[in-house]
Structures are given as structure tokens and as C-alpha cells.
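Okay, structure first, notes after.
Protein chains: 2
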Amino acid sequence: MTTAKLNIVPFVSVDRMMKLVLAVGVERFLTELAGYIEDDFRRWELFDKTPRIASHSHDGVIELMPTSDGQLYGFKYVNGHPKNMRQGLQTVTAFGVLADVGSGYPMLLTEMTILTALRTAATSAVVARHLAPRGARTMAIIGNGAQSEFQAIAFKALTGVDRLRLYDIDRSASLKCARNLAGMGFDITICETGQEAVEGAEIITTVTADKQSATILTDNMVGSGVHINAVGGDCPGKTELHKDILLRSDIFVEFPPQTRIEGEIQQLESDHPVTELWQVIAGKTQGRRDAKQITLFDSVGFAIEDFSALRYVRDQLQATGLYEELDLLADPDEPRDLFGMLLRAAMQPAA
Amino acid sequence: MTTAKLNIVPFVSVDRMMKLVLAVGVERFLTELAGYIEDDFRRWELFDKTPRIASHSHDGVIELMPTSDGQLYGFKYVNGHPKNMRQGLQTVTAFGVLADVGSGYPMLLTEMTILTALRTAATSAVVARHLAPRGARTMAIIGNGAQSEFQAIAFKALTGVDRLRLYDIDRSASLKCARNLAGMGFDITICETGQEAVEGAEIITTVTADKQSATILTDNMVGSGVHINAVGGDCPGKTELHKDILLRSDIFVEFPPQTRIEGEIQQLESDHPVTELWQVIAGKTQGRRDAKQITLFDSVGFAIEDFSALRYVRDQLQATGLYEELDLLADPDEPRDLFGMLLRAAMQPAA
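For the protein sequence lines, the chains are A and B, in the order given.
Numbered as in numbering that gives the first Met the number 0, the first sequence ends at 350 without a single skipped number.
Numbered as in numbering that gives the first Met the number 0, the second sequence ends at 350 without a single skipped number.
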């Protein structure tokens, strides 16, 4: 147990998560988190890999994403409701729990809206280290919403990207992204079209929020040797790339059964060859083979990355103290006497 | 939304749950909760019924139990670790979340260890109203652990049981149960054997904690006309009743696909006839038909009962104020500017 008080579960609120990221530093947080993600990709085979459990409704989806490495158990609650934006609500909110497999006791409850943005960006950068062309410094980011700055900083910290070419159908989003990244060592160009954004880019990150199938990248926009980091397409019916790009690319995925439903490759036959990233990261197969190859990371986000993020946050608690104590678990003096605990509570003076 | 502050989710801690139960009164809480459970049994057909998602390990199991009625979504996290008791930990701990299907936003986070004990007892009493012999006043309770007092009080409040015959292999558990129930209007007899406990009982509640298959009731102990409320057997390999009793009984279950795996009926053929309780409660089929029939509620606990309990607790929040405000959801001023929210947090004076 992480605590002597058996009823207590450490809780990282949104406020504490922001303070934690700032205390550690965004670049260092992303770099260290990437290390946890790489570690878990390397031992991918021992994880319990359940597909996410989705509850679909007219306006969106609520999902539970559990996994376990046999020692720890984690799950994330996450919703996706595109209509929320119009009502001033977040499209996606998330929280998660890490628990001890041996006792079943939760060890951490944390916000995961911010944490998911960080783990998604860290995962993209981990993958790019294996797939992007050697020495790549220029990245196009198409879609400059909530995820864009995290992607930029993760790529800078982990791969050395320092030139950004930004494009969004809403120019104010690009301006917001550039403003947020000012003074962090990027050379930033705001572009008028997606075509302009990809000019000279060795890495193309697509991270738009369109719900429907869109064609953010057409075939003629993608030259040889490029690495595509396709983050935005992540549910059935939501894709960003033209099918012809997929057919020219070597495609790398997190967990094929999930990516075939949710990723860009939902546009392809169900037996189209893909490479599992864990095999690249564990050194069992090659990532980028040559300078002309187009590589594509068809990112959808998998429970094991959330698990890595939960582990990382848990490991920061002691040193930073950035958590609250949540009275979540009933702990009667005598385990069989739950009712007696209730009776004794009645005797306590009012707080 | 239940709150104007979009980042806030109401949280009912263990302490607040005890205060809530005491403020409402245990009998009234169980009675009102039973009403919510009956309402949800009546509209059983419209629920999304996913089997629980279990993560098994050497020492126990961690489960997520989600369900939805199309308007609200609920899930419970619950563990089962028989070894915990030896380390001074609870065998079972639980917490749960209620969320708005329309926005995907969580509306309530609550402890559910105490709440599960209450909903299990309330469900047993709701079922007994349809199955127990008319005018039954005497109940045997075999197994006098954490659930026993809740069962006794629920049956008193909802069915009029006021004579208890207690038996436990550990006599101190029976003494604890009798002591906790003192002054609540029960005539209590502590018995030396299970055989003695069932003498004259019109209702037999079995609620032992044995992990293995046990035979708490043998065939000769069960006379005609009795209602058996079998609560303790609730996972594969854990049963309480001799198979011959099952063969003489009319068996009522919550959700057949789950009960056939977890309940007493795991001892029977997979096509052995059972009656779904929602059909009895909704008036679509008969409960008890005659005075000689042996009825058996093979209780395992289903997600919809937790959903009813979450709804009930949510409806008590405003009037009682017995909750805390949890800063769980990121709420940037501009939904696309999650990173900007982080930057602005850095400008805030230290709290």
C-alpha cells in the first residue's frame, strides 16, 4: 500500500495536475513519460489487452479502457461528445484509476484530460524516434487545437524538431498555437493551406477534430521519405487521410484489433499488412528501413499508454506532494463489521 | 449538469456516505433505495446490459460493471480478494460513477462499499416481497458477517420480518450481529447449527463468505414453502447450496448469462429453467404461486442495481449537502486551448 491510512486514495485534481506538470516542467514531464511508455511497449506481451468497453449514444460515447500488467491494474474513463463544444463543454474528458492487483485496492485517482493530451503526444514522439527520417527538424501540424502544442513540445524534446509549419481551417487556432509556443525555441510558420504546410516538412502531424471522414491530406501532398503522425482519426467513421496515402505507406499501429476499427486503416481491407509498434520498440522488427519510405503511425490511443501515464503520475506523488487524500475506501476496524462502523459513526461528535 | 462549475464532480466519501445513511435513517434509506431498484427492474428491457469486465489474478479479481438507461450511465469498480482479510484489508471495496449520457460528463463519484451492502440487502427484500410466503415473519440468517445486519433491516423494513435465527461457524460473528441489531425491534435467537437456525424459518438467507464451494444448506434442511435468499455464492467456484435443493426449487435470477457463471445455478445444466426477476416485478410473470413451493433467489448482484443506488444517492445530494466538490474535469475557457490553461496556471499566485 502507498499509505498507512487504508481508507485513503491519493487524488490528483486538474489543479494539482497542472501544478505537477509545471513543477516537473512540460518538456521533462513528456520525456520521462515517454520513458515509461517505451518501457511498457517493450513488455507489451505480458499485458492484459481488453478492447475498450464503449457505451454509444446519439450524441457520443462513454468508454472504459482497462489493462493490467499482472502487478498493477489501470483503467481510464473517457467520453467523446463532439456536440459539447457548442455548449461550452469539453468534447473529451477523462479520469483514471491505478490499482494494486494483489489487494484490488485503488492506489491513485487522477484527472486524465490533461494527462491524456500528454501521453498522446509522448507516444507520437516515441514512435517518431523509430520512424521519422534521420535528423528531421521540420514538422507540419495540420489541426491546431487542444493537442497541437503538446505534440510540438514532445517532438522537440524527444526528436529534435524545432521548425513548425502550422495550418488550421480556423486561422485563430494557428495563432493561438503559435502564441502558446512562443519563446520555446521553435521557428514557426503559419500557413494558408495544408499544401503549404507540408512543403519541406519531414514529419506531418494531422490532429484535426472532424467527426466525419475528412481528407486532410491528399495523395499528392505526401512526398517520399516523410513520416506521417496521424493522431486525429480515432473512431469509426472518423479518418483524416486519403486512402491512396495509406496504400503507399508502411503502416505502424498500437493494437491491430482496435486500430482496424478506429484508425485510418478502417478504410483498408481487414487483412492489409500493418506492423505492431511494440515489435519495433522491443527491437523485434525494423522501423524505418530507408530514406524514401513513407511511414505512417495510425494513432488511436491504447489503454497501455494510459497505464504508463498512471504509473508515471503515481511515481511523482511522494516527491511533489501534489495530491489530495480521498476518503474512498470503507475500512472498519473489524472487516466483518461494516454495520458496526456505521453505528459508531452515529456516536461521533458532529464535524 | 448538476453544477454551474463545469470542472466539479460531487463526491460522496465513506464518511459522507455514513452520515447520509444516518441522516436519512437506515430503514428509510433501504426502503427508498428499494423503490429505485424496483423502478429499474420494471424498465429492465431498456438497459444496456454488458456482462461485467473482470480482470482475474492469482489473489482475486477486479471488475468494472457498467450499464446505461440511455439517459444516465453508471459503472462500479469492485474488487474481490479473499486473502485481504488476513492483512487487515477489506475483501471487497467498491466505488462508482454516475454520468450524463448526453454530455459524457460524470455527475457523481461515490464510495460503494457501504452502498453495495445496502443495495444488495434492498434487492433481496424487493425480491422477497414477490417470492416469500405471505405473512412471513421469521428469517434464518446463515453467515453473520458484513452483509447480515443490512439484510435483516431491509427485510424488516420491506417485508415485516421481525424474528431472526442467526448462525455462523464463528459464534462471535452471530454475537456481533445480534449486538448491532439490538433495540431495533427484532426477536433474535442465536443458534448452534445451521439445522437449528432454519427450524421454523419461512425465509432462509445464506450469506457466508466462503471462497470455495460449500454446502451451507443440505437438502433435508429445506422444507416446503420456504423462500431461500442465497446471497453468498457469487463467483465461479463459490456456491452455498446443495444441488438437490436447486432441483426442488423454482429459481429466480437477475440476469441469466451472469448468474449461470457466478450463481448457485453454475451447478446445473446451462439450460435449466430459471425465471428472470424483472418479469416478476414488472408483472409479466408470476412470483410465488402456492404455499408449498420452494422459491430461490440466486443473488449475484447486477450492474443495474448499482445504477439504481447511484441514482438514489445522486437524488439525496441537494437536500443533504453531504458531498464534497472534486476538481476532476479540465475546463479551459476556450475548449481548444488546453495548453493555454496550463500556461495560465503558471501565472497564478501559489495557493
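For each residue, glycine too, the CB sits at the ideal point set by N, CA and C.
Check, Outcome
"Measure from the alpha carbon of R287 of chain B to the alpha carbon of each residue in B:A208, B:S223 and B:S173, then state which is nearest.", "B:S223"
"When the Cα atoms are used, what is the spatial distance from L130 of chain A to P65 of chain A?", "28 Å"
"Quick check on this structure: which residue in B:A344, B:S173, B:A93 and B:A213 has the alpha carbon closest to the alpha carbon of R335 of chain A?", "B:S173"
"Answer yes or no: do L107 of chain B and L309 of chain B have a C-beta to C-beta separation smaller than 8 Å?", "yes"
"Along chain B, in chain order, which residues have C-beta atoms closer than 8 Å to that of K18 of chain A?", "A344"
"Can you give me the start and stop residues for the beta strand (DSSP E) that S379 of chain A sits inside?", "Outside the displayed span of chain A (0 to 350) sits residue 379 of chain A, for which this structure offers no information."
"Closest to M346 of chain A by CA distance: which of B:M17, B:L5, B:S12 and B:F10 is it?", "B:M17"
"Using a 10 Å radius around the Cβ and a threshold of 16 neighbouring Cβ atoms, would you call A200 of chain A buried or exposed?", "buried"
"Leaving out the 5 sequence neighbours to the left and right, which residues in its chain are closer than 6 Å to Q278 of chain A when beta-carbon positions are compared?", "T284"
"So within the segment 186–256 of chain A, which uninterrupted beta strand (DSSP E) runs reach at least 3 residues, ignoring any that extend past its ends?", "186–189, 202–205, 226–229 and 249–252"
"Can you give me the C-alpha to C-alpha distance between Q266 of chain A and V252 of chain A, rounded to a whole angstrom?", "14 Å"
"At 4 residues or longer, what runs of the alpha helix (DSSP H) sit wholly inside the segment 283–346 of chain A?", "302–319 and 337–346"
"When you compare only the Cα positions, how much space is there between A344 of chain B and I203 of chain A?", "30 Å"
"What's the C-alpha gap between M138 of chain A and L337 of chain B?", "21 Å"
"Measure the Cβ-Cβ separation of S298 of chain A and T30 of chain A and say whether it is below 8 Å.", "no"
"Any contact between the segment 9–16 of chain A and the segment 99–115 of chain A? By contact I mean 3 or more CB pairs, one from each, below 8 Å.", "yes"
"Counting only Cβ pairs nearer than 9 Å, list the residues of chain B close to P334 of chain A.", "N83, M84, G87, L88, Q89, T90, G144 and A145"
"In its own chain, which residues sit with a C-beta less than 6 Å from the C-beta of C190 of chain A, not counting the 5 before and 5 after it?", "R164, Y166 and A196"
"For the structure I just gave you, are there three or more beta carbon pairs, one from the segment 49–56 of chain A and one from the segment 143–157 of chain A, closer than 8 Å?", "no"
"Please confirm whether E323 of chain A and F28 of chain A have their CB atoms less than 8 Å apart.", "no"
"From the DSSP secondary-structure annotation, give me the bridge partner or partners of N78 of chain A.", "A:I61"
"Determine the closest residue to A153 of chain B out of B:P331, B:N78, B:H271 and B:A120, with distance taken between C-alpha atoms.", "B:A120"
"Identify the contact partners of Y104 of chain A in chain B, using a Cβ-Cβ distance below 9 Å as the criterion.", "N78, H80, N83, L88, Q89 and T92"
"To the nearest angstrom, report how far apart Q292 of chain A and P132 of chain A are at their CA atoms.", "9 Å"
"Take E148 of chain A as the anchor and find which of A:F94, A:T205, A:A98 and A:L97 has the nearest alpha-carbon.", "A:T205"
"Hey, how far is the Cα of R85 of chain B from the Cα of G95 of chain B?", "26 Å"
"Is L295 of chain B near D249 of chain B, with beta carbons less than 8 Å apart?", "yes"
"From the DSSP output, in three-state form, read off T137 of chain B for me.", "strand"
"When the Cα atoms are used, what is the spatial distance from P235 of chain B to E37 of chain A?", "37 Å"
"Would you grab the beta carbon distance between V100 of chain A and V91 of chain A for me? Rounded to a whole angstrom, and I think it's under 8 Å.", "Going by Cβ atoms, the distance from V100 of chain A to V91 of chain A rounds to 28 Å, so no, they are not a contact pair."
"Residues of chain B with a CB under 7 Å from the CB of F301 of chain A: which are they?", "The premise fails here: F301 of chain A is roughly 16 Å from chain B at the closest Cβ pair, so nothing lies under 7 Å."
"Pull up the distance between the alpha-carbon of R51 of chain A and that of L45 of chain B, whole angstroms please.", "22 Å"
"Contact check, G103 of chain A vs G79 of chain B under 8 Å by CB: the rounded distance?", "7 Å"
"If we cut at 8 Å on Cβ distances, does P65 of chain A have a partner in chain B?", "yes"
"Between D326 of chain B and I61 of chain B, which are expected to be in contact by the criterion C-beta below 8 Å, what is the C-beta distance as a whole number of angstroms?", "The Cβ separation is near 26 Å, so there is no contact."
"Quick one: what's got a C-beta closer than 8 Å to L157 of chain B's C-beta in the same chain, skipping five residues either side?", "L29, T30, A33, A121, A124, V125, A127 and R128"
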